[in-house]
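Its first residue numbered 566, the sequence shown is counted upward by one per residue in my numbering. Using N, Cα and C, we set each Cβ at its ideal position, and we do this for glycine too. Quick caveat, the model's predicted, so the values are computed rather than measured. See structure below.
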Amino acid sequence: MQKYILSLIILLSSSQIFAQGLSFSVVLDPQMTWMDSDSKKVEREGSNFGIGGGLVMDLYFAENYAFTSGLQILSTGGNLTFLDSIPIKPGGIIETLPAGSTVEYKLQYLVIPFGLKLKSNEIGYFRFFADLGILNQINLKATGTVESSGINGEDISDDIGFFMISYYIGGGLEYSLGGNTALIGGLYWNSGIWDVNTNQLYRAHISSIALRLGIKF
């Protein structure tokens, strides 16, 4: 019985420690996104506007160090021009695009980040932070537009992988509003590790630069 009581005390103490070291933030990430390919027969065509946002959770294991995760929704994409003809599956039906076609991709993902956050000591009302890790991304929606072929915002989920991993690195500052509440501002870079597409004829990945705005509780 004493062992069970001791185990319960340790468990409750650990839970209290983790609760004290846990913080939540709501963030919004307007960003510029683009797609690249390693194929010489695929060219990038400019950048698109994207936006992400959701909940960020920081679990502190030391005063200025935390594991970070959360749950976010991301709208991203880019434009690619294909110098050779290429198959595409709008609505699940295979079509062949002629050489020179430009595809505009609009993609939506459920994002689960895992990373490490490092913070400075408080300087006045400010704390500086650095943040790096990986983004696990589950595709929720994929549409494509090819103006030259009359394809306008059609479902191209068959051409896009269900799961994608990116790495990210960023930094910024927190401005204390008192207590545990703070405003967040930062700049983030992320780039795909896994290919975004399923077509074996070329490889493509997504990169972005994001401005992070948020509030921590």
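A Cβ-Cβ separation of about 13 Å leaves Arg777 out of contact with Tyr740 under the 8 Å criterion. Setting aside the 5 residues that flank it on each side, Phe693 is surrounded in the same chain by Ser685, Leu738, each with a C-beta closer than 6 Å to its C-beta; the list follows chain order.
If you draw a straight line from the Cα of Val621 to the Cα of Trp599, it is about 24 Å long. Per DSSP, reduced to three states, the secondary structure at Gly657 is helical. In the structure shown, Asp760 adopts coil according to DSSP, grouped into three states. Here Tyr630 is exposed, its C-beta having fewer than 16 other C-beta atoms within 10 Å. Beyond the five residues adjoining it in sequence on each side, Leu636 comes within less than 7 Å, by CB distance, of Gly619, Leu620, Ile677 in the same chain, given in chain order. Non-local beta-carbon contacts of Thr763 in its own chain, meaning distances under 8 Å to residues more than five positions away in sequence, involve Asp723, Asp724, Ile725, Gly726 in chain order. As for any beta strand (DSSP E) of minimum length 3 sitting wholly inside the region 698 to 742, the runs are 716 to 720, ordered along the chain. Look at Ala631 here: in three-state DSSP terms it is strand. Taking the Cα positions, Ser602 is about 26 Å away from Phe679.
When the five nearest sequence neighbours on each side are left out, the beta carbons in the same chain lying within less than 8 Å of the beta carbon of Gly586 are those of Leu624, Tyr625, Phe626, Ala631, in order along the chain.
Beta bridge pairing from DSSP links Leu593 with Gly618, Leu778.
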